[in-house]
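What follows is one structure encoded as structure tokens, with my remarks underneath.
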Amino acid sequence: MNTEQNRRVPAKDSKRKVLAGVEVRDRDIEPTKGLRSVATLLRVMAGLLFLLMLMQLVLGFTSAVDISYGVLAADAVRLLIFAGLLWAAGDMANLFVKSHHDVRAMRILLARIAHNMGADPSVSTATAAEVDRSSEPDDVRP
Numbered sequence: 008m009n010t011e012q013n014r015r016v017p018a019k020d021s022k023r024k025v026l027a028g029v030e031v032r033d034r035d036i037e038p039t040k041g042l043r044s045v046a047t048l049l050r051v052m053a054g055l056l057f058l059l060m061l062m063q064l065v066l067g068f069t070s071a072v073d074i075s076y077g078v079l080a081a082d083a084v085r086l087l088i089f090a091g092l093l094w095a096a097g098d099m100a101n102l103f104v105k106s107h108h109d110v111r112a113m114r115i116l117l118a119r120i121a122h123n124m125g126a127d128p129s130v131s132t133a134t135a136a137e138v139d140r141s142s143e144p145d146d147v148r149p
């Protein structure tokens, strides 16, 4: 069996990328490095805000200058909420990357299934209007 007949064996002169021993198109492999770095940046910023909150609490309690504990607590809660929102945004970016991997894998699998089933684009299929007419019972027509 030669390489033209067997798609699982990449051709020697092929410039396509190989994933798990199978050639894939370049548009099926899209880099997500930038999105991962944005997620990391958001999480680092959330950690820095949390550290800032801890420093503010420690300095507020040990300071020689009197500060209202209510104002100190309100600022701490505000910083904690913003840190949580930044962390959640980083999680959402990672979730987007994972869902992108699933969509990409589904696209590759659907292309392989269509190829293996020998889908012939010249074969005409029923249109949506033909399907709607054929699904109606005969006694309901006006």
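Taking our numbering, the leading residue of the sequence shown gets 8, the next gets one more, and so forth.
Note that beta-carbon positions come from the ideal geometry of N, C-alpha and C, so glycine has one too.
DSSP places A80 in the uninterrupted alpha helix (DSSP H) bounded by 76 to 123. Distance from the CA of A95 to the CA of A112, rounded to the nearest whole angstrom, comes to 26 Å. Each residue's CA atom was taken as its position, placing E30 and K24 some 6 Å apart. At the C-beta level, R50 and L93 come within 9 Å of one another. Between L56 and F89, the gap from beta carbon to beta carbon is short of 9 Å. Secondary structure of T69 (DSSP, three-state): helix. By alpha-carbon distance to A83, the top candidate from G67, I120, R119 is G67. Relative to M62, the option among K105, L79, V110, G125 whose CA is nearest is L79.
The C-beta of A53 has 16 or more other C-beta atoms within 10 Å across all chains shown, which makes the residue buried. When rounded, the separation of the alpha-carbon atoms in A121 and G97 is 36 Å.
Counting every other CB atom within 10 Å of its CB across the protein chains shown gives A81 a total below 16, marking it as exposed.
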